[in-house]
Structures are given as C-alpha cells and as structure tokens.
Amino acid sequence: MAITKETVEYVAHLARIELQPKELDKLSEQLKQILGFIDTLKKIEAAKIPPILNLSQDTNVKRGDTPRNSLLTDKALENSPSKEGKFFVVPKIIE
Amino acid sequence: MDLNTLTAQDLLKKLDSKEISAQDILRSLEKSIKAQDTKFKAYVRTQDFHLPQQSIDYSKTTLKGIPVAIKDNICTEGFNTECCSKILEGFHPPYDATVVRKLKDAGAFIFPYKTNMDEFAFGSSTENSCFGPTRNPHNPECVPGGSSGGSAAAVASHQAIWALGSDTGGSIRQPAAFCGVVGLKPTYGLVSRYGLIAFASSLDQIGPITKDVSDCALLLSIIAGRDELDSTSVGSKGCDYSAYLEKDIKGMRIGIPREYFVEGIGPEVKKAVLDAIKVLEKLGAKCREVSLPHTEYAVPVYYIIATAEASSNLARFDGVHYCYVQKNPRLGVRPGGKTQDPAGNIRIITRLLRRLLFKGNAGQESHLSGFYQCL
Chain A
-13 MAITKETVEY
-3 VAHLARIELQ
7 PKELDKLSEQ
17 LKQILGFIDT
27 LKKIEAAKIP
37 PILNLSQDTN
47 VKRGDTPRNS
57 LLTDKALENS
67 PSKEGKFFVV
77 PKIIE
Chain B
228 MDLNTLTAQD
238 LLKKLDSKEI
248 SAQDILRSLE
258 KSIKAQDTKF
268 KAYVRTQDFH
278 LPQQSIDYSK
288 TTLKGIPVAI
298 KDNICTEGFN
308 TECCSKILEG
318 FHPPYDATVV
328 RKLKDAGAFI
338 FPYKTNMDEF
348 AFGSSTENSC
358 FGPTRNPHNP
368 ECVPGGSSGG
378 SAAAVASHQA
388 IWALGSDTGG
398 SIRQPAAFCG
408 VVGLKPTYGL
418 VSRYGLIAFA
428 SSLDQIGPIT
438 KDVSDCALLL
448 SIIAGRDELD
458 STSVGSKGCD
468 YSAYLEKDIK
478 GMRIGIPREY
488 FVEGIGPEVK
498 KAVLDAIKVL
508 EKLGAKCREV
518 SLPHTEYAVP
528 VYYIIATAEA
538 SSNLARFDGV
548 HYCYVQKNPR
558 LGVRPGGKTQ
568 DPAGNIRIIT
578 RLLRRLLFKG
588 NAGQESHLSG
598 FYQCL
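Chains as they are written, first to last, in our numbering: chain A, -13 to 81; chain B, 228 to 602.
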C-alpha cells in the first residue's frame, strides 16, 4: 500500500491538524519510509513461533475492597482553567 | 572536594558521620547549576523555583536528604510537570508519582525543577523540547541523547547526584551511554508507573540514572516493588540490589548475542563492548556467544506498538481532559473544524501525526490490518 498525499490529508483532518503543503510532502515521504521498514516483518513465519502474550502471569489484578483516601474535589479542580462549583467547564463537543 | 561530584553512597557516609549536612549538598549543587545551566540546559524552569534554605530533619531516614532530579514527565505534587511541551504548560500535578512518594518516604529531597526531555518523550536527542535543547556535557556540540537527556546530562555534569528517567525504546539507556553515566531500564513491571505521563504503556518503565553501579542499585532498591496503583507492577516486597554487588562473578555465564554486533556498529562502541567482555572474563565470568534471532524485528515491532499506544495515550490531550483549552486550542476537538498551532512548535505536530496516522491507517487500510489485530 502506498501512502498518498490524499491519505495524509485525510488523516490530518481526522486528527484536527492543519498542515502546510511543505509538511505534507515531508510527512508523506517519512511515512512511506516507515511502512517500508515495517515490511521486513513479513519475512517472519509467525505460525511456527509460540506466542508470548504477557511475561507476567497475572490475570484480573484487583485491589482489596478497603477504603482509602482519594483526591479531594478542590485539589482535583486546581488545574482547571474554567470551573463551575464542583465541576470542570469544557467546550461543547457534541452539536 | 566539591560535594556535587560525589556519589550518593559516598555522601551517605559523610552524612552518617555528621561531617556534612544535607544543606551542604544542596548548596554545592546550586552552585554547579548556576555555573552550567545556560551552557547545557539539563534542567527546565530553574528561574521559577528556589531551593530551600533550611533543611528538615532527615536523620532517621535512609537517604538523609540527598537530592534527586526527576524527569519532566514524572508527576511531582505542586511542581511543574509538563513533558517539556506547551500542551501541558503550567500543569501542577495534584499528586506524586509512586516513585516520587517512595523517594520522599526514604528521605530524598525532590528537586523542584525538572530535567529536560524530548516533548512527551518522543525523540532520542533532547533537541525536541519546548524549553530548548540540552547539550552533552562532554562536548556541547554533541547531543546528550534522549529522551531522558536532561537527567543524563545533569548527572554527568554534576548538577545532580542522581536522577530518574523513563525508557520506552531506549530513553534511559541511550542518553546514559552518550553522557558516560550509568542508566538502567528495569524489567517491565518492576517499577510502578503510577504518575508517569504515559507514552506506550506496554513498554514504559521508570529507571535510575547514576554516576556508578552501586548508586544505581541503591536507587533501584528504593523505587522497585509492587504498587496497587499500577496493576502491571509485580513482586510483593522490595529487594536490596546493593547486597548483590558484593558477590563474586567467578563462574557466572554471560551470553553475548551475536546479532548485537551488526554491520554499521560504531567501531568505538564495538571496541568498548569487547573490552568490557575481556574485563568480565578476567574476573572469572564465562562469556559465550548466543543467538537472539528476532533481534532485527525488534525495531519495526517497536514502531507499531509505540505509535499505536502513543496515539491512544495522547488522546487525553484533546482540550477537554487535559491541555489549556482557551489559551491553547491546538488539539481541541471540534467536529469539522481544524485547530491552530499558536505555539508554532511543529515538531510535536509532525511526531504526533506520524503516530496518529498509524492508528488511523492501521484501522482502515489492508496493509497494516494484520498487525492491527495484534494491538
């Protein structure tokens, strides 16, 4: 699969990033290189290699059901540029 | 002898015998930072904070007030933690990372200014910081490596006794090598990542950068261990790694992976490694060539995992969860709309995009669909 300028433009739009034409060329080129690099993985015959899913054998790590201190509202709101009472104020994202 | 040039182990002896105080160490570091800050830029925001003039009582603690420098992506309560990015400008975490809490509990003094890094740890040169690049203390014309370049340079230039960095794909080991200091990426799961601003969650680890191996063992002993706030951390109790340093290496077998001596290896690097092997053999270790046949695939696999996970982890900097919406709407999500880049810092944009593209592409195009299933 080739990376075209249109692909880069489309994904840039999805990511809400505005690109100058020069950056578009540069990125298309870089992405082509990275994809070529990843192509080396096609050489591996993975079917013959047993999978390692996780080195630690832990499954479903849970915490004990014991009360402990958590962040207080005022403290959690400290970094908020805009707040109302005990709530964060954020821009409306669903029209 | 200037105290800032000593190791933590040496300083502990002097503190134990009351020859010096924790304040003496701090003053010595302050002097060193003042003299070298503009030249190397190992730290950020050195103008914004002051070191305390009076010490609290550390006498009953393990580390007795020895200062430690922390990378800008590890949360320190009340002090800037910005990943050297304008996206996180002015962020003061309301809590400490587990490693920072453990260090405080052990009696370490946490440096108020953080060490420089590549923005969000994307990079291997510490040139991609919104505060400007760090320089290599051995030669300011060279890069210190990265992304923990600030931590490595601070330790190498004696502006820190020791430091913490983070490593996803070499970000502790490579700058430590470039700056001639000791750097260790602990085995995944050994050190809690609670409070580390995530890059690629199945690879990230916090680790020590120190002047020698005995300091590395001491620092690792303090930060390692299971933490209920990080479900990927393992092991129930701590381990005193310093105790292992006393043992003889006679008869120990050391594997030397054939694939690590590839074409393109720097001749100086190769010589240094071969010399080190000779030293180990002289001390009685048995070095044998082994083969790790999948080595050549490590970097392509890293690229897929790191980019996809970074894309997920950085989704929180969308102007809703994190980052200053009104001041800096760069990544704000507005359907159909595009964001501006008021900071003019294109580096993060290109890096982010490369990563975002991966996720976008992996989902849509047949080329990467096989790999996407693994993620």
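From the three backbone atoms N, C-alpha and C, an ideal C-beta is built for every residue, glycine too.
- At least one beta carbon of chain A lies nearer than 9 Å to the beta carbon of B:Pro321.
- Counted as a single uninterrupted DSSP element, the alpha helix (DSSP H) harbouring A:Gln16 occupies residues Pro7 to Ile24.
- For B:Glu536, no chain A residue has a C-beta closer than 8 Å to its own C-beta; the minimum C-beta separation is roughly 15 Å.
- Ranked by Cα distance from A:Leu17, the options B:Thr534, B:Val547 and B:His548 are led by B:Thr534.
- Note on the region 465 to 546 of chain B: whole beta strand (DSSP E) runs with a minimum of 3 residues are 480 to 484 and 513 to 517, in chain order.
- The beta-carbon distance between B:Arg485 and B:Glu516, rounded to whole angstroms, is 5 Å. This is short enough to meet the 8 Å contact definition.
- In this structure, the alpha-carbon of A:Ser68 lies about 5 Å from that of A:Val75.
- Runs of the beta strand (DSSP E) lying entirely within the region 267 to 318 of chain B and spanning at least 3 residues, in chain order: 294 to 297.
- Taking C-beta atoms under 8 Å as the contact rule, B:Pro364 and B:Ala390 fail to qualify, at a distance of about 13 Å.
- From the beta-carbon of A:Phe23, the residues of chain B found nearer than 8 Å are Val526, Pro527 and Tyr530.
- In this chain, the beta strand (DSSP E) harbouring B:Gln432 covers Gln432 to Thr437.
- DSSP places A:Thr59 in the helix class (H, G or I) of the three-state scheme.
- Counting the other CB atoms within 10 Å of its CB gives B:Leu411 a total of 16 or more, which places it among the buried residues.
- A:Asp25 has its alpha-carbon roughly 41 Å from the corresponding atom of B:Val327.
- Not one beta carbon of chain A lies nearer than 9 Å to the beta carbon of B:Thr303.
- Between A:Pro36 and B:Leu519, the alpha-carbon positions lie close to 15 Å from each other.
- Between B:Thr273 and B:Tyr340, the CB-CB gap stays under 9 Å.
- Restricting attention to B:Gly482, B:Glu455, B:Gly493 and B:Ala269, the CA atom closest to the CA of A:Thr52 is found in B:Glu455.
- Cα atoms of B:Ala525 and B:Phe347: separation of roughly 22 Å, rounded to the nearest angstrom.
- Look at the region 47 to 67 of chain A: the residues with a C-beta under 7 Å from a C-beta of chain B are Val47, Arg49, Leu57, Lys61, Ala62, Glu64, Asn65 and Pro67.
- Contacts with chain B at 9 Å (Cβ-Cβ) include A:Ile30.
- When DSSP states are grouped into helix, strand and coil, A:Asp51 belongs to the coil group.
- B:Gly372 sits buried, since 16 or more C-beta atoms from the chains shown fall within 10 Å of its C-beta.
- Nearest to B:Asn355 by alpha-carbon distance, out of B:Ala296, B:Gln401, B:Cys310 and B:Pro435, is B:Cys310.
- Across the structure, B:Asn540 and B:Ala427 are spaced so that their CA atoms are roughly 7 Å apart.
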